[in-house]
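Notes for the one structure printed next.
Numbering (my numbering), first residue to last: 1326 to 1677.
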């Protein structure tokens, strides 16, 4: 009898990892997760000029990150997906992976070779790289499928040095100049901040390798999830309208403050993922959708963790779509030697 009573207790016992790092000798790592809008998806006419972004960049610079990660696929991940078209959808690589064709022609390098040369170049890079070294690194990053890091190098060149040479041809220079203006948070926030702080690269952390789940009827799947969203959407209408108003007025710091508030985050995930989980389709499509989302976030967080695996005490800024932030904060906060930084303390509040 007594054995029957204690067995459930044994089964429910869990190992406590929360104090495992209590006597850690290495310095603790600080991680700030910045929930971001996708700049390219803001309402038409939104002012996202450099002047409008400056207050946000000033706040982020005050945090002094030493590592910046973004919601981009790494060159290595894209190369993996392209090499396995039977496993990963070709349309996913087209959507999420940059074209490396021009850079391959300019440098003569395929993605694996370029990735290897990037690692070697970064290991030997002096504290004050020459313009030729920066142009060479920019070309290597483009060839490796990591354009955000290429832009980091390009932006640290004096205007007179932003030219062809050292692996950059006219086509790649034109591409970099286009990237300077493109409405993309990886470029206009992460890369510009990295260049301002003298960092050498961006660490791509996105993952879409979990997008290959088998769905028996994609149209029915999409309709079921969309219907769940539409039923819940009115609850967030006022919040969305306020965010759109801030964007249209060019109040980007205020917009980022708003979308990073815990209350805003809670409502945003409720009308998305909680709503999807209420889907009553026999195939449980909503559950499949949320499963894919969690797989993606787990793999993304692993990529963020990899960026500071050998750099205890780093100050990490993870720039990611705002709906990822609750998962990032939760998962990263469970890791050893990691402290999650309160975004509100960095971004400030209205009027401060």
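Every residue gets a Cβ at the ideal spot worked out from N, C-alpha and C, and that includes glycine.
Keep in mind it's a predicted model, so treat the numbers as computed, not measured.
Practice prompt. Within its chain, find whatever has a CB closer than 6 Å to the CB of residue 1434; leave out the 5 residues flanking it on each side and keep chain order.
Written response: 1468
Worksheet entry | Runs of alpha helix (DSSP H) wholly within the region 1515 to 1549 (minimum 4 residues, chain order) | 1517 to 1522
Worksheet item: Going by other Cβ atoms of all chains shown within 10 Å of its Cβ, with 16 needed for buried, is residue 1506 buried or exposed?
Response: exposed
Discussion item. Using a 10 Å radius around the Cβ and a threshold of 16 neighbouring Cβ atoms, would you call residue 1604 buried or exposed?
Written reply: buried
Practice prompt. Kindly indicate which residue of 1593, 1470 and 1519 has the alpha-carbon position closest to the one of residue 1407.
Written response: 1470
Worksheet item: Between which two residues does the beta strand (DSSP E) harbouring residue 1644 extend?
Response: 1640 to 1646
Discussion item. Three or more C-beta pairs under 8 Å: does that hold for the region 1561 to 1578 against the region 1520 to 1538?
Written reply: no
Worksheet entry | Reduced DSSP category for residue 1395 - H, G, I as helix; E, B as strand; rest coil | strand
Fill in: 8 Å contact criterion, which residue 1392 and residue 1633 should meet: CB distance rounded
6 Å
Discussion item. Suppose the cutoff is 8 Å on Cβ atoms and the five residues either side in sequence are ignored; what does the same chain contact list for residue 1580 look like?
Written reply: 1362, 1568, 1571 and 1572
Worksheet item: Which of helix, strand or coil does DSSP assign to residue 1665?
Response: strand
Fill in: Contact under 8 Å by Cβ, residue 1424 with residue 1661
no
Worksheet item: Do three or more CB pairs link the region 1619 to 1630 to the region 1530 to 1537 at distances below 8 Å?
Response: yes
Item to complete: Could you say which of 1486, 1456, 1519 and 1400 lies nearest to residue 1466 if we only look at CA atoms?
Response: 1400
Practice prompt. Return the chain-ordered ranges of every beta strand (DSSP E) run that is complete within the region 1377 to 1435 and spans a minimum of 3 residues.
Written response: 1392 to 1395
Worksheet item: Got a sec? Which residues, its chain only, sit under 6 Å from residue 1421 by beta carbon, not counting five neighbours each side?
Response: 1398 and 1533
Discussion item. Please state the DSSP three-state secondary structure of residue 1359.
Written reply: strand
Worksheet item: Taking just the CA atoms, how far does residue 1442 sit from residue 1671?
Response: 36 Å
Discussion item. In the DSSP assignment, the alpha helix (DSSP H) including residue 1563 goes from what residue to what residue?
Written reply: 1562 to 1573
Fill in: Spatially closest choice to residue 1590 from 1601, 1646, 1612 and 1574, by CA coordinates
1646
Worksheet entry | Presumed contact (8 Å Cβ cut-off) between residue 1575 and residue 1353, rounded CB distance | Not quite, the Cβ-Cβ distance comes to about 37 Å (not below 8 Å), so this is no contact.
Worksheet entry | Assigned exposure category for residue 1582 - 16 Cβ within 10 Å defines buried | buried
Item to complete: Apply the 10 Å Cβ neighbour rule to residue 1394 and answer buried if 16 or more other Cβ atoms are within range, or exposed otherwise.
Response: buried
Worksheet item: So residue 1598 is in the alpha helix (DSSP H); what residue range does that whole segment cover?
Response: Here residue 1598 belongs to no alpha helix (DSSP H), and DSSP marks it neither H nor E.
Discussion item. Check whether chain B comes within 8 Å of residue 1449, counting only Cβ atoms and requiring the distance to be less than that.
Written reply: The structure shown has no chain B; it contains just one protein chain.
Worksheet item: Hey, how far is the Cα of residue 1666 from the Cα of residue 1375?
Response: 26 Å
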